[in-house]
Amino acid sequence: MEDRLMAAPISDTLESIAKSLEERGWSVTDALLHRDSIDLLAAELLSLWEADAFREARVGAGEAEVRREDIRSNSLRWLSPESPTLTQRPYFEVMERLRLALNQRLFLGLLELECHYAVYKPGEFYERHLDSHEHSDARVVSTTLYLNDNWQERDGGHIRLYTGSETIDILPTVGTMAIFLSEKIPHEVLPATRNRLSLTGWFRRRSFTRIYP
């Protein structure tokens, strides 16, 4: 039976993601959310962007967090899983089911999700990096849901995954989600020719305190 939130049967989609993570450390799917839910997320992001509710992205963690435009030049807006908007609820519900499925199959011990909206303006980028912080292994699985309507190859903005044996370029088309192991897969965000919109999240194995936004 097809779930009301997901674009494909729950068992098929989650099983495929878990199997891919287990076998190669990354997965790509366009079957996690219905298009209506994705369009609402994109509209909410754009409303927040127009209201100047984003901040410049930084690198590092805690007191070591700094703005480094030579490394990362995008903007972001943190979301609160504890108090989601109506628009965000389908996303958080689906991600919770993904968390449980990954724990059941892969025994990852995932406890929670942290996530933010992100905007890369034309020419902005994020150099090659790992999502796990230098002194913390709390981030286990990285996810990015793309919200870009009518995105074409010529628009650029790929996320490039370095798997060790090959390089994978994923076009940030609307509804696509890239999922990979935070400690294992280096990656970078390539420049685009138009605003590039996404909802990026990390499943964590330990809890932490964040001040929103």
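Here the sequence shown is numbered in the working numbering, starting from 1205 and rising by one per residue. Where is the CB? At the ideal position from N, CA and C, for every residue including glycine. Keep in mind that this is a model prediction, so the values were computed, not measured.
Contact check, P1376 vs N1352, beta carbons under 7 angstroms: Result yes, Cβ atoms of P1376 and N1352 sit closer than 7 angstroms.
Residue of S1251, A1235 and R1303 minimising C-alpha distance to G1405: R1303
Beta-carbon separation (whole angstroms), L1237 vs P1294, contact threshold 8 angstroms: 6 angstroms
Whole-Å CB distance - F1258 paired with R1281, under 8 angstroms assumed: 5 angstroms
Bridge-paired residues (DSSP) for R1281: Y1321
Three-way DSSP call (helix, strand, coil) for I1242 in this model: helix
Exposure label - G1379; buried when at least 16 CB within 10 Å: G1379 comes out buried.
Strand pairing of L1304, partner residues [DSSP]: DSSP links L1304 through a beta bridge to no other residue.
Residue range of the beta strand (DSSP E) that includes L1365: I1363 to Y1366
Buried versus exposed call for L1245 [16 or more other C-beta atoms within 10 Å across all chains shown]: buried
Candidates I1383, H1391 and H1362, of which the one nearest G1368 by Cα: It is H1391 whose Cα lies nearest to the Cα of G1368.
Test item: CB-CB of A1342 and R1408 under 7 angstroms: yes
Three-way DSSP call (helix, strand, coil) for S1402 in this model: Under the three-state reduction of DSSP output, S1402 falls in the strand class.
Limits of the unbroken beta strand (DSSP E) element including I1177: This structure does not reach residue 1177, given that the chain is present from 1205 up to 1417, and the question cannot be answered.
Range of the contiguous alpha helix (DSSP H) that encloses A1396: First-last for A1396: undefined, no H or E at that position.
Reduced DSSP secondary structure (H/G/I, E/B, other) of W1253: helix
Coarse secondary structure for R1332, derived from DSSP in three states: Residue state, collapsed to three classes: strand.
Candidates A1382, D1359, L1349 and E1260, of which the one nearest L1365 by Cα: L1365 has its Cα closest to that of A1382, out of A1382, D1359, L1349 and E1260.
Alpha carbon of L1403 to alpha carbon of A1322, nearest angstrom: 6 angstroms
Cβ distance (whole Å) where L1290 is taken to contact C1319 below 8 angstroms: With a Cβ gap of about 17 angstroms, L1290 and C1319 do not count as contacting.
Beta-carbon spacing of E1328, N1278 below 7 angstroms: yes
Of the residues S1241, V1393 and A1261, the one placed nearest V1298, counting alpha carbons only: S1241
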